[in-house]
Amino acid sequence: MTLSFVDVFHVLTKWRKFIFYNFLIFSIVAAIISFILPKWYTSTAVLFPPQKTQSLGAGFMSMLTELPINLPSLPGMVTPADVYLAILRSRNVNESVIRKLDLKKRFGTETDVGTLEILRNRTFFDKTEEDLLVIKATDKSPVFAQKIADAFLQELDRVNRQKRVTSAHYSRVFLGERLKEVNRDLKNAAIKLRDFQERTKAISIKEQTKAEIDMAANLQAEIAMQEIKLNVLSRILEPSHPDVVQARNRLNEMKKQLKKIEVGLSLSTDSYIIPFDKIPNLSMQYMFLLKDVEVQKAILKVLTQQYEQAKIEEKSNTPILQVLDKPDIPEKKSKPQRRLIVMLSALLSFFASGIYIYFREYQLRLKKNNPEAFRKLESSISSLKPINFFRH
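Sequential numbering of the sequence shown, starting at 376, is according to the numbering used here.
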């Protein structure tokens with residue numbers, strides 16, 4: 376059976392007083408309850424997201440960013456703000472707040488678990504789209520709500536300081552041991568380079584090679600001039616003439632000196648000559664030995680900087696948190712929301728009235744059209760009454 380708009384309008388008109396009084400009663404009762412319910416106040420604090428610090432790990436990450444490669448961002452990467460939220464929600468921080476404010480006594484609980492559950496129900500931690508951290512604490516007292524929010528701020532700062540000092544301590548110990556190893560490796564590399572230079576006379580191959588080439592070129596030019604001079608003298612003088620003999624002896628001596636340069640023999644007691652045919656191999660060996668020394672120097676420089684920074688962080692006691700809005704003492708209650716309670720109660724009254732009216736209209740139609748079914752329905756309803764519920 377379908378109902379037309381006229382039928383519905385007729386039913387609503389018929390029951391208009393019931394609907395009105397039901398709405399009025401629900402609204403008045405809801406308003407009274409909302410005034411009776413205790414007032415709750417919420418204190419709110421807002422923090423800037425944690426800034427990147429130049430710790431050991433951050434220092435190494437900054438080195439990675441300088442590499443000529445593109446590092447893709449990792450999906451689902453945990454941000455520093457997420458770490459802060461995990462700290463605030465941790466059992467350790469919550470229990471510290473409970474002890475600091477003696478919440479077990481204030482909440483009237485007998486167990487730590489019960490106190491912890493109440494505290495978690497009265498606090499809220501989240502981050503905004505801008506990655507700002509939000510701390511909210513609710514209590515019947517606006518002053519105490521502010522104390523709870525402030526206590527979480529203090530505990531968050533304490534945990535972060537402790538974490539920083541502990542991390543810096545282990546970093547300093549690790550870097551101290553690593554510095555000893557690097558100093559030892561640098562010393563060994565320097566000794567190997569020194570032994571190589573003493574054995575091969577390769578003090579500075581680049582400069583030595585340039586000097587030898589210049590020396591050989593100049594000597595070859597002098598030999599060419601001396602050969603021309605000897606050729607001229609041989610044409611105008613006898614082979615046994617003293618000038619010819621002297622020129623020939625000088626030419627032979629100059630050729631011997633050139634040969635010494637080519638095979639690497641010293642022209643004087645304090646000079647270092649490297650044979651031309653050995654220069655490529657010695658250059659390669661010298662390059663690798665020098666590279667080892669320079670690499671160890673570079674590592675030593677970086678580790679020394681990190682070591683000094685770890686020492687500073689270990690002794691640092693500066694605040695870590697950057698607070699945008701400090702926990703306030705709320706002036707307006709956060710709940711109960713009286714307007715919302717009354718509106719929901721009004722909607723509930725319409726819903727309840729609709730169900731009751733539908734059932735009553737169904738009974739009336741059933742009584743008129745099918746008396747036998749109506750009597751059965753009445754009997755069933757009567758058996759559901761408390762006084763008849765357990766009767767057979």
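Note that the Cβ used here is the ideal one computed from N, Cα and C, for glycine as well.
Could you check where the alpha helix (DSSP H) with residue i kicks off and where it finishes?
i	result
S409	391-411
P455	455-464
T490	487-496
L478	478-482
Go ahead and label residue i buried or exposed: buried means 16 or more other beta carbons lie within 10 angstroms of its beta carbon, across all protein chains shown.
i	result
E688	buried
E485	exposed
R466	exposed
R391	exposed
T490	buried
E530	buried
V472	buried
A433	Summary for A433: the model assigns pLDDT 47, below 50, so the residue's position carries little reliability, and this model does not support an answer.
Q681	buried
R547	buried
K480	exposed
A596	exposed
P746	exposed
Q537	exposed
A461	exposed
Can you give me the start and stop residues for the beta strand (DSSP E) that residue i sits inside?
i	result
L508	508-514
F527	F527 -> not in any beta strand (DSSP E); alpha helix (DSSP H) instead, spanning 517-575.
S418	416-422
Do the CB positions of residue i and residue j come within less than 7 Å of each other?
i	j	result
L508	Y459	yes
D506	P424	yes
A524	A420	yes
L739	A748	no
V619	L626	no
A565	V698	no
T417	P705	yes
N469	L494	yes
I685	L550	The amino acid occupying residue 685 in the given sequence is Ala; Ile does not appear at that position. In this structure, L550 lies closer than 7 Å to A685 by Cβ.
L633	A622	no
F571	L665	no
S728	I394	yes
K475	A406	no
M629	I598	yes
S724	N496	no
K511	F499	yes
K708	K414	yes
S409	I716	yes
Q660	L561	no
Which one or two residues does DSSP pair with residue i in a beta bridge?
i	result
K502	L508
Can you give, in chain order, each stretch of the alpha helix (DSSP H) that sits fully within the stretch 670-728 and has at least 4 residues?
Whole alpha helix (DSSP H) segments, 4+ residues: zero.
Alpha helix (DSSP H) segments (min. 4 residues) lying fully within the stretch 596-632:
You should have found no qualifying run.
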